[in-house]
Amino acid sequence: MIAKYKSNNQEIISGPVEKHGAHGKMTSVYTRDPDGNLVEVCSYE
1 MIAKYKSNNQ
11 EIISGPVEKH
21 GAHGKMTSVY
31 TRDPDGNLVE
41 VCSYE
């Protein structure tokens, strides 16, 4: 996931970060969309 963002010159704001979500353990990466909104992309284990 991070490699794809970097190959498109998209800045990673934070991550990967391990957290616990509604469905258990997850890994999140944060970036910004073209309008500047913070976007969280996560993957559950």
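Take 1 as the starting number for the sequence shown in UniProt numbering and just add one per residue. Where a beta carbon is used, it is the ideal one built from N, C-alpha and C, also for glycine.
Nonlocal neighbours in the same chain, by C-beta distance under 8 Å from residue i, ignoring five residues either side
i: isoleucine 12; result: Ile2, Tyr5, Lys6, Val29, Tyr30 and Thr31
i: glycine 24; result: Tyr44 and Glu45
i: methionine 26; result: Glu18, Lys19, His20, Cys42, Ser43, Tyr44 and Glu45
Own chain residues within Cβ distance below 7 Å of residue i, not counting five before or after
i: glycine 36; result: none
Limits of the unbroken beta strand (DSSP E) element including residue i
i: proline 16; result: 14-21
One or two residues paired with residue i in a DSSP bridge
i: methionine 26; result: Lys19 and Tyr44
Contacts around residue i, its chain only, beta-carbon distance under 6 Å, and the 5 residues preceding and following it disregarded
i: glutamate 40; result: Ser28 and Tyr30
i: serine 14; result: Tyr30
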